[in-house]
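Student: Submitted below is the structure of interest, expressed as structure tokens.
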């Protein structure tokens, strides 16, 4: 049996990385067996036990196959065994397709036989509720006892298309084409559909696994197993849920620096968690964590199965662009306009040609043709025109990639035009994607052309989106590795505050408590003093310093602004006293009369921008950090960005840069540029805080005033909710 | 020749509507000819002149065809004529495919011959610049002289698939299938590509026109011509620009109450107009007018050619849903999740089944199956399961439409399953859309099944989007007809203000001028007085009434808030004086010292919401009205809605209801619901203002304070720019 390490001479491989579980090597027992037993093999056409056996033979599996079925002597012209135990040869892997009640015995037999890996297709486990959960628990116990690894249960099998194995252990009706895509599907049905579609587009796979219930081997295990597999250059994942998001993050962050991972994640609009009290909780939709997590890992998300294929075609057949500048070459205006329309949304730009390029293009085209980008050669253009112009455009240094668009007119042979385009693109280090707006017959003929390695799209928008995904991946792959920030924090001081609240079994921290926690983590608060009486205003004001904000303190008033309970920009003792008098008069007019505990005097930061910082907890993904435009309208403005904890300094920078209101920090309306570094620093400090205390459920700092210098950046108000049982 | 009026016995038809130009009937000369001359007919295969002639014959045109070519005696086994004038029979229509330099003579000959309509395929007109513009001008003059109508020039021809005509006067290589879709394309190449694709999906067309340069017959003319055509039930438009947006609006608004219009509009991201000084101008992207206009007319916009087809399939083959509640019926969890994910974005809801429905579904399915929505029958389900469950679901009163999803497993015959689904859906008044995640061969076999009238989709998301479009169209079609609002305005008063500004050749109106214009149109302003001195504060404040807002008045200070030049909530003379002193002190500290003209005292509206109202002018579409959340952050919040002038009361209501911040008006954070009616009224008054004065270039009212009653709603600040030459 081939070992992974023996297949890759890279010295990094011989010393396994400390973060990779050594168990992953044992997946060879599943994917690289010398012999496979099919337990539940059947003679009856149309049954899974028959089709799977047939696929193994038809696919020319390079090892031995042993049908197992106590009720048959011969299956598919092969000797059949009553039990895996009665096979005299060694058995590396077993595929289990028996009824649910017979699975445990079959797997127990495999253990006794010394089988290394089992693929359980049978259903009737966790997916059917209590009875199945118990059965799955027992199944896992058997595996652990014998040290076997398992794919499934409730799956449609696995494929290893490497020439040395050529193993199709699925019941998919479509035999796969060998290639370099590793594809994992959490749904058997979608897996089959995707294998079908991949074949029709000429996309070849290296490995395939229908993951089923993932009782043992997870998607993360497979990513690790194939991380440095030289036969795999691209991962496609169809996901419905994340088993262990933190593991996925760690693994995917590393892998995406070597190979692209494309994901379709179903279940976007599932209902969110319980009602939240914080702004941050209220803003975090169900999908926000998935979106953030994938982005942080450098994983590309496809919006649909169709998008997934469009992207896979481009990545498989073409090199990555080194930048976003795309050129369009067409014989018809309409498709080029449709393509140009989507360029910006795809994160690309229309390339600007050099004058030399334009002159070369012009020479040989009709005078009515357009040699700017898009290049419109007009409707009489044939293969030679395409080939000549494509070569010229590819040589322009201002072009990172080209999309050709072709609407076959009456006079030309579309197949020969396709051949000319393919020929002109051959060997280019820049990607060329082709749109053929032709009849199905023509399109299929082009797709089946020998030796073609250009991705063919039916619609202009699809090609542009795919080119955009390639450019985005290139940026993600090559982004610098973040240094872990060194933050000076006082963990003990914060722990004391939490302990006090937890001992009183309090979920909600008082403002002063929250403030103490944040200050222990280096997030400064606006200077403030409480004045309980009119007479005490002067001393409190002197301690804080003018100008001041005055806020009424009352346990009965939650929306201070709306009852005139906030006065800003108080610059003198006189203004201060006048504001107190007005505020108290208005408070007295409220029915029922609220209890008044005095006022809070806070320093006023003129010219600062109100931002929000927050944390909420996702039941699957753990803490989510939020940055956004702050103030009372945060939910209406809806200008926020989320990331999954833990975040890096780059994540923090991207969160802020991606806000619609980012320009508020960059010198808005004549204001000086503000100290965005202090805001990003505060995000990293919050990240550290939730790393240190997992009992934090949610928190907001709102507003966090971002001023011109780090010293001008202060939190003004905050709330924090904890789980007292976790301290 | 069939007349339009004779084909439709509707009495409304016999008396032509006053808004329909009588000229439209004359399009019969183009689309319903008894005889066609092909001027430029050719013997040479692959030329347009030969392929077009061939298509006419091959398509079995029911009238006579006359080839015209001075260099040939026989073409395609038919007698050929040296000129259209040498034909002895009457000629209704002529297709012109001669070189550009011969077009004018050919069309002149047509006029002399008494031809009623010409279709000019030749290029070399407006699209090539000055020389072509002149040629097109001459061409139009000839048409007018003889009273002929023309499609083109620079187009690929027209089709009328009605059995009485069966005329394919294009050079498209794909013969069309007859059906009920009228399709107009502004691009010949896209037209050909779309005809190809339509045929592969089984979509039949009634009429097709490649519009070319639209020198004479426009898209609007064709819409009018086919408005009540009984053979046309759906319009597809591929547009690159709008010739006459106001005409389109008027026509499309009426037609969409009878037949759906689906549009792909290319050119979304074209660069916007010149830099704008108003918020409204800054917020209006290039595409905003198109998006608004199409929405106002009830036209459905497809994001891509692919979306256009998905929608067309659904509209063609299925009835409209009466509501948004969709049921999903599947044999695999994955595709159903993908579908459910897009339900909300498509404007649909997942239907909730009655208990009776669930019980009926359960009876006959595996106990592991799910009978909630989505109904997952699990992977062993066949045609009978689909048929039985589909019938049950269609009978549930809580279901408006059904999407079936089918991933063919190994044991079933996909074609027979499709047959069962088709059979169960037959005669349903609710739409059924089908997703087949199958191999291309299977999909093509299903598409070609005899008598099938269900739309087949390859991906779940496409079916959901199509169902969403149908539900949306149903709502648009059935929306109530708006009454024209009766608004009491003083046009003369506003005209005097404009005249004064125009006489001084001023573009920018002073605040007091703008205020006078708006007040003449019934938009009230906050009460205000100017106080030029500290001594004058008292009297001014008494005239306005407390509480007050004080704003510094200086021609040198444009951002008052940032220099401490705004004080709010001043409730007493003392606060007023303190605020004046503070403001003047701060102003004196500014370098260089600004000129101070005093302060403006305005009434303060506590508990009101700051909104914005605005108008900007699009070079093609004319005035655009904007509504949105107001205040200084309007551009950052980016929560605005646009409509093209003129707007209806429903448009105004939709503009407000569609804002993210609409809830700010509905009792936000304990505040009482605000008087949104007064805000909508103000929008309609602005609409009237721009109707009355076309010299208004742009304007903002920001903020417009929306309070609890109409009397509490006032404009606070405004700016207006005019074109002085237009008054």
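Protein chains in written order, with the working numbering: chain F, 127 to 853; chain X, 127 to 853.
Yeah, the Cβ is synthetic: ideal placement off N, Cα and C, and Gly gets one too.
Note that this is a predicted model, so its numbers are computed, not measured.
Hey, out of X/253, X/778, X/297, X/749, whose CA is closest to residue 608 of chain X's CA?
Tutor: Ranking the options by Cα distance to residue 608 of chain X, first place goes to X/778.
Student: The alpha helix (DSSP H) spanning residue 460 of chain F covers which residue range?
Tutor: Segment 459–469, the alpha helix (DSSP H) holding residue 460 of chain F.
Student: Does any residue of chain F bring its CB to less than 9 Å from the CB of residue 339 of chain X?
Tutor: Closer than 9 Å: no.
Student: Which parts of the segment 483–553 of chain X are runs of the alpha helix (DSSP H), unbroken and 4 residues or longer, counting only runs that do not cross its ends?
Tutor: Those alpha helix (DSSP H) runs which fall completely within the segment 483–553 of chain X and span 4+ residues are 509–521, 540–551.
Student: So, for residue 510 of chain X: in the same chain, excluding its five sequence neighbours on each side, which residues have a beta-carbon less than 8 Å away from its beta-carbon?
Tutor: Excluding residues within five positions, the ones whose Cβ falls inside 8 Å are 546.
Student: Using C-beta distances below 8 Å, list every residue in its chain close to residue 202 of chain F, excluding the 5 sequence neighbours before and after it, in chain order.
Tutor: Around residue 202 of chain F: 167, 169, 176, 179, 180, 183, 193.
Student: How big is the Cα-Cα spacing for residue 402 of chain X and residue 746 of chain X?
Tutor: Any reading at residue 402 of chain X needs caution, since the residue's pLDDT is 46, under 50, leaving its predicted position unreliable; the model's value is listed next. The alpha-carbon atoms of residue 402 of chain X and residue 746 of chain X are separated by roughly 16 Å.
Student: Cβ of residue 588 of chain X less than 9 Å from any chain F Cβ?
Tutor: Judged by the 9 Å Cβ criterion, residue 588 of chain X is in contact with chain F.
Student: Which of helix, strand or coil does DSSP assign to residue 370 of chain X?
Tutor: Here residue 370 of chain X sits in coil by DSSP.
Student: I need the boundaries of the beta strand (DSSP E) containing residue 286 of chain X, first residue and last residue.
Tutor: Residue 286 of chain X -> beta strand (DSSP E) spans 283–286.
Student: Could you spell out the range, first to last residue, of the alpha helix (DSSP H) harbouring residue 624 of chain F?
Tutor: Residue 624 of chain F -> alpha helix (DSSP H) spans 617–629.
Student: Once the 5 residues before and after residue 326 of chain X are set aside, which same chain residues still bring their CB inside 8 Å of it?
Tutor: Same-chain partners within the cutoff: 573.
Student: Run through the DSSP bridge pairs and tell me what residue 244 of chain X is partnered with.
Tutor: BP columns for residue 244 of chain X point to X/220, X/276.
Student: In angstroms, rounded to a whole number, what distance separates the CA positions of residue 596 of chain F and residue 554 of chain F?
Tutor: Cα-Cα distance, rounded: 16 Å.
Student: Determine the closest residue to residue 806 of chain X out of X/286, X/563, X/773, with distance taken between C-alpha atoms.
Tutor: Taking only the C-alpha atoms, the option nearest residue 806 of chain X is X/773.
Student: Taking the alpha-carbon of residue 526 of chain X as reference, which of X/627, X/350, X/590 has the nearest alpha-carbon?
Tutor: Minimum Cα distance to residue 526 of chain X is reached at X/590.
Student: For the segment 364–383 of chain X, enumerate the residues whose C-beta is nearer than 9 Å to any C-beta of chain F, in chain order.
Tutor: So the close ones are 364, 366.
Student: Name the residues in the segment 759–773 of chain X whose C-beta lies less than 8 Å from a C-beta of chain F; which are they?
Tutor: So the list reads 759, 762, 763, 764, 765, given in the order they occur along the chain.
Student: Might you give, ordered along the chain, the residues of its own chain that have their beta carbon closer than 6 Å to the beta carbon of residue 330 of chain X, omitting 5 neighbours on each side?
Tutor: Excluding residues within five positions, the ones whose Cβ falls inside 6 Å are 303, 304, 305.
Student: Taking buried to mean at least 16 other C-beta atoms within 10 Å of its own C-beta, is residue 249 of chain X buried or exposed?
Tutor: Classification for residue 249 of chain X: buried.
Student: Per DSSP, what are the beta-bridge partners of residue 769 of chain F in this structure?
Tutor: The partner list for residue 769 of chain F (beta bridge, DSSP) reads F/751.
Student: Could you give the first and the last residue of the continuous beta strand (DSSP E) run that contains residue 332 of chain F?
Tutor: 331–336 is the extent of the beta strand (DSSP E) around residue 332 of chain F.
Student: Enumerate in chain order the residues of its own chain whose CB-to-CB distance from residue 486 of chain F is below 7 Å, with the five nearest sequence positions on each side excluded.
Tutor: So the qualifying residues of the chain are 518.
Student: Can residue 450 of chain X and residue 475 of chain X be called in contact, C-beta distance under 9 Å?
Tutor: Against a cut-off of 9 Å, the Cβ pair of residue 475 of chain X and residue 450 of chain X comes out as a contact.
Student: Hey, could you find the ends of the beta strand (DSSP E) residue 824 of chain X is sitting in?
Tutor: Residues 822–832.
Student: So residue 285 of chain F packs on residue 274 of chain F, CB below 8 Å; how close in whole Å?
Tutor: Not quite, the Cβ-Cβ distance comes to about 20 Å (not below 8 Å), so this is no contact.
Student: According to DSSP, what are the bridge partners of residue 207 of chain X?
Tutor: In the DSSP output, where bridge partners are listed per residue, residue 207 of chain X has X/194.
Student: Mapping the DSSP letters down to three states, classify residue 777 of chain F as helix, strand or coil.
Tutor: Of the three classes helix, strand and coil, the one that applies to residue 777 of chain F here is helix, per DSSP.
Student: Keeping to the same chain, check which residues put their C-beta closer than 7 Å to that of residue 268 of chain F; ignore five residues upstream and five downstream.
Tutor: Excluding positions up to five away in sequence, the list reads 230, 233, 234, 237.
Student: Excluding five sequence neighbours on each side, which residues of the same chain lie with their C-beta closer than 8 Å to the C-beta of residue 515 of chain X?
Tutor: Result list for residue 515 of chain X: 455, 487, 491, 501, 503, in chain order.
Student: Can you give me, in chain order, the residues of the segment 310–321 of chain F that have a beta carbon less than 9 Å from any beta carbon in chain X?
Tutor: So the close ones are 311, 312, 313, 314, 315, 316, 317, 318, 319, 320.
Student: Using three-state DSSP, classify residue 677 of chain F as helix, strand or coil.
Tutor: Three-state DSSP puts residue 677 of chain F in a strand.
Student: Taking the C-alpha atoms as reference points, what is the distance between residue 671 of chain F and residue 729 of chain F?
Tutor: If you take the alpha carbons of residue 671 of chain F and residue 729 of chain F, they lie about 7 Å apart.
Student: Compare the C-beta of residue 570 of chain F with all C-beta atoms of chain X and state if any pair is closer than 9 Å.
Tutor: True, the Cβ-Cβ gap to chain X drops below 9 Å.
Student: Return the residues of the segment 582–611 of chain X that lie within a Cβ-Cβ distance of less than 9 Å from chain F, sorted by chain order.
Tutor: Answer set for the segment 582–611 of chain X: 584, 585, 586, 587, 588.
Student: According to DSSP, residue 475 of chain F sits in a beta bridge with which residue or residues?
Tutor: Answer by DSSP bridge pairing, in chain order: F/451.
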